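Under my numbering, the first residue of the sequence shown carries the number 976, and numbering increases by one thereafter. Structure first, then comments.
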Amino acid sequence: MKDTYRHQGKRQQLVKTVKKKGITDEKVLAAIGKIPRHLFMDSSFEDHAYQDKAFPIAADQTISQPYTVAFQTELLEVKKGEKVLEIGTGSGYQTAVLCELGAKVYSIERQRELYKKTKSFLSKIGYRPKHLSFGDGYKGLPEYAPFDKIIVTAGAPEVPKELLGQLKVGGRMVIPVGTEVQTMTLFIRKSAKEFDRKEYGAFRFVPLLGDKN
Ligand code: SAM
């Protein structure tokens, strides 16, 4: 599990790329510049790890494109010490970005193989999310709610009401909504019953799978 000067150099190029595409949050850029993305992927993709692209991981899933990770994280406006719920742990890359921002991260993964692999990998490379869970992210984690922020990293055909209900008043949830193509959507909880909703263009994610699919 090496992180060489060559990797670090490519990482700085990746930071420039996502910056050019419009990411401005310096803390998010610093996290992208620090995290050894090549270690989160199968070694056969190592040479491509610092391209701004999604790649396959275990269980027919993907590690998201760095720009997408940065875009969602920037929208989330994470502050140190906040409780953040992530749906779709996957490779753990987004989890690591949230840890770098000082969040207390709770993350759920539906594929057992990925859950186990990523849990052991994250601790090996020194990332300590507060809680990693194997289960259905549609339900959130009511036992740990409410959360300051919620990020969904798979395409949701519809917005899970349970997740909106687990957001603090003043909290933000970033979720790609749609089937074939998803619209990146930000919810801000204004009161117990009121949410602001803003939309930010099209993205493509693997689907958020529920009990019926
Ligand atoms: N955050 C991940 C990363 O950085 O690698 C993104 C992984 S991928 C784009 C989305 C992940 O969501 C997959 O690992 C998939 O298994 C998971 N997923 C899909 N439906 C889910 C559900 N209902 N609950 C929890 N995880 C789910």
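From the three backbone atoms N, C-alpha and C, an ideal C-beta is built for every residue, glycine too. All of these numbers come straight from a predicted model, not from anything done at the bench.
Among the candidates 1176, 1038, 1073, whose CA atom is the shortest distance from the CA of residue 1009?
1073
Three or more C-beta pairs below 8 Å linking the stretch 1091-1099 and the stretch 1111-1121:
no
Does the structure place the stretch 1148-1161 close enough to the stretch 1099-1118 that three or more beta carbon pairs sit under 8 Å?
no
So does residue 1153 have its beta carbon nearer than 7 Å to some heavy atom of ligand 1?
no
Could you tell me if the beta carbon of residue 1085 falls within a distance shorter than 7 Å of some heavy atom in ligand 3?
Of the ligands one can find in the structure shown, namely ligand 1, none is ligand 3.
Nearest to residue 1056 (by Cα), restricted to the options 1127, 1080, 1108, 1174
1080
Leaving aside the five residues before and after residue 1040 along the sequence, list all residues of the same chain whose C-beta is less than 7 Å from its C-beta, in chain order.
1027, 1028, 1029
Do residue 1004 and residue 998 have their C-beta atoms closer together than 8 Å?
yes
May I ask you to report which of helix, strand or coil DSSP gives residue 1034?
helix
What did DSSP end up calling residue 983 once you bin it into helix, strand or coil?
helix
Would the beta-carbon of residue 1066 fall within 8 Å of that of residue 1083?
no
Is it right to say residue 1177 is buried, meaning 16 or more other beta carbons lie within 10 angstroms of its own, or is it exposed?
exposed
With respect to the alpha helix (DSSP H) encompassing residue 1069, which residues constitute its N-terminal and C-terminal limits?
1068-1075
For residue 1109, collect the residues of the same chain with a Cβ closer than 7 Å to its Cβ; drop the 5 residues on either side in sequence, then sort them by chain order.
1084, 1087, 1090
Indicate whether the contact test is met: 3 or more Cβ pairs, each with one atom in the stretch 1096-1103 and one in the stretch 1128-1140, closer than 8 Å.
no
Residue 1069 beta carbon less than 8 Å from that of residue 1044:
yes
Residue 1112 and residue 1063 closer than 8 Å at C-beta
yes
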